[in-house]
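To start, the structure under review is shown below, and the notes come after it.
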Amino acid sequence: MPIAAAIFDMDGLLIDSEPLWQDAELACFRPLGVPVTRELCRATAGRRIDEVVRLWHARFGWDGPGIDEMVERVLAEVTRLILARSEALPGVHATMDTLRQRDIPMAIASSSPPALIAAVVEKLALAPYLHLTHSGIHETRSKPDPAVFLTTARKLGVAPEHCLVFEDAPAGVSAARSAGMHVIAVPSVFDPADAAFEQADQVLGSLAEFDPIPWL
27 MPIAAAIFDM DGLLIDSEPL WQDAELACFR PLGVPVTREL CRATAGRRID EVVRLWHARF
87 GWDGPGIDEM VERVLAEVTR LILARSEALP GVHATMDTLR QRDIPMAIAS SSPPALIAAV
147 VEKLALAPYL HLTHSGIHET RSKPDPAVFL TTARKLGVAP EHCLVFEDAP AGVSAARSAG
207 MHVIAVPSVF DPADAAFEQA DQVLGSLAEF DPIPWL
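First residue of the sequence shown: 27, per our numbering; consecutive thereafter.
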């Protein structure tokens, strides 16, 4: 069945942001004596930052800044790092060029806050490709709940079954499937053997491997 819209996750798919998230969390939490490690950061990759900060607070606690302030600190630091150091991952612009040439509307649906999505769109010059972006921060439930994808499809005016989702995370693949959408997995920091990726229509090494013929 030909697709009528494409929805992209962001972190780990369009940019290699997970190391930057780790750097930002370590920079913000270690001065408070919070024993966050890169391994712990990897275990929470793909989750909303407000959920992650609440998790660290419940597990470790700290004196001083509250949860909301720590969320803002981490976001400010990761935004700074993205603007300074990030680049598009292989195949991002080529894939979007291919879809745009075929008049396929595109959107980003990410767990990241709107300001961070905007920073990535600016850094990678993606605005000409995108019809809209949608942040999971506006949803009451995060991935693997399908809400962020269903809202994005509704905003695009396309039925879920006619949407193709590109995802790098197991939770995102599960969310897309729960939304009734097609999904291509591009595993990043996650184990490609994760059972969740078995739900995907395809598993690619990078977006540079995307073949539009089966979908358009």
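From the three backbone atoms N, C-alpha and C, an ideal C-beta is built for every residue, glycine too.
* Coil, strand or helix - Ile143 by DSSP -> Walking along the sequence shown from the start, residue 143 turns up at place 117. Looking at Ile143 - three-state DSSP - the assignment turns out to be helix.
* State yes or no: is the C-beta of Leu190 within less than 9 angstroms of the C-beta of Val212? => Along the sequence shown, one-based indexing puts residue 190 at 164. Along the sequence shown, one-based indexing puts residue 212 at 186. No; because the gap between Cβ atoms is not below 9 angstroms, this pair is not in contact.
* **Rounded Cβ spacing between Leu156 and Ala133 (contact assumed at less than 8 angstroms)** => In the sequence shown, residue 156 corresponds to position 130, counting from 1. In the sequence shown, residue 133 corresponds to position 107, counting from 1. Leu156 to Ala133, Cβ: 6 angstroms. Contact.
* To do: Tell me where the alpha helix (DSSP H) around Phe55 begins and ends.
  => For the purposes of this step, residue 55 is taken as the residue at position 29 of the sequence shown. Its alpha helix (DSSP H) spans residues 44-55.
* Where Asp37 falls: helix, strand or coil (DSSP) -> Taking the sequence shown and counting its residues from 1, the one referred to as residue 37 is at position 11. Of the three classes helix, strand and coil, the one that applies to Asp37 here is strand, per DSSP.
* Which residue or residues does DSSP assign as beta-bridge partners of Glu244? -> The structure shown does not extend to residue 244, since the chain is modelled only from 27 to 242, so the question has no answer here.
* Asked: Going by Cα to Cα distance, which pick from Asp217, Leu58, Val184, Thr105 is closest to Trp47?
  -> Counted from its first residue, the sequence shown places residue 47 at position 21. Here the closest residue by C-alpha is Thr105.
* Could you tell me the boundaries of the beta strand (DSSP E) in which Ala133 lies? => Sequence index remark: in the sequence shown, residue 133 carries index 107 (1-based). Ala133 -> beta strand (DSSP E) spans 132-136.
* Can you find at least 3 beta carbon pairs, one from the region 126-143 and one from the region 152-170, that sit closer than 8 angstroms? -> yes
* Which of the three DSSP states, helix, strand or coil, is assigned to Ala234? -> The count along the sequence shown starts at 1 and reaches residue 234 at position 208. Helix at Ala234.
* **Pick from Val199, Glu193, His208 that is closest to Met36, judged by C-alpha positions** => The sequence position of residue 36 within the sequence shown is 10, counting from 1. The residue with the shortest Cα to Cα distance from Met36 is Glu193.
* Asked: Can you name the start and end residues of the beta strand (DSSP E) that Leu158 belongs to?
  -> Residue 158 sits at position 132 when you count from the first residue of the sequence shown. Run containing Leu158: 158-161, per the beta strand (DSSP E) assignment.
* For Thr121, the first and last residue of its enclosing alpha helix (DSSP H) -> As a first step, residue 121 must be located in the sequence shown, where it is residue number 95. 118-127 is the span of the alpha helix (DSSP H), which, as asked, contains Thr121.
* Asked: Since Gln225 sits in a beta bridge, which residues does DSSP pair it with?
  -> Here the question's residue 225 lines up with position 199 in the sequence shown. Bridge partners of Gln225: none, in fact.
* Asked: Are the region 195-208 and the region 86-100 touching, with three or more C-beta to C-beta distances below 8 angstroms?
  -> no
* **Under the three-state DSSP convention, the category Ala205 falls into** => Within the sequence shown, the letter at position 179 stands for residue 205. Coil, per DSSP.
* Sort Gly72, Ala145, Glu51, Pro57 by Cα distance to Arg64 and report the nearest one. => The residue you call residue 64 lines up with position 38 of the sequence shown. Among Gly72, Ala145, Glu51, Pro57, the Cα nearest to that of Arg64 is on Glu51.
* Are the beta-carbon atoms belonging to Val60 and Ile75 less than 9 angstroms from one another? -> For the purposes of this step, residue 60 is taken as the residue at position 34 of the sequence shown. For the purposes of this step, residue 75 is taken as the residue at position 49 of the sequence shown. No; because the gap between Cβ atoms is not below 9 angstroms, this pair is not in contact.
* Asked: Asp171 to Gly38, Cα distance in whole Å?
  -> Position 145 of the sequence shown, counted from the start, is the residue given in the question as residue 171. Position 12 of the sequence shown, counted from the start, is the residue given in the question as residue 38. Going from the Cα of Asp171 to the Cα of Gly38 covers about 19 angstroms.
* **Exposed unless 16 or more other CB atoms sit within 10 angstroms - verdict on Leu109** => Translated into the one-based positions of the sequence shown, residue 109 becomes position 83. By the neighbour-count rule (16 or more Cβ atoms within 10 Å), Leu109 is not buried but exposed.
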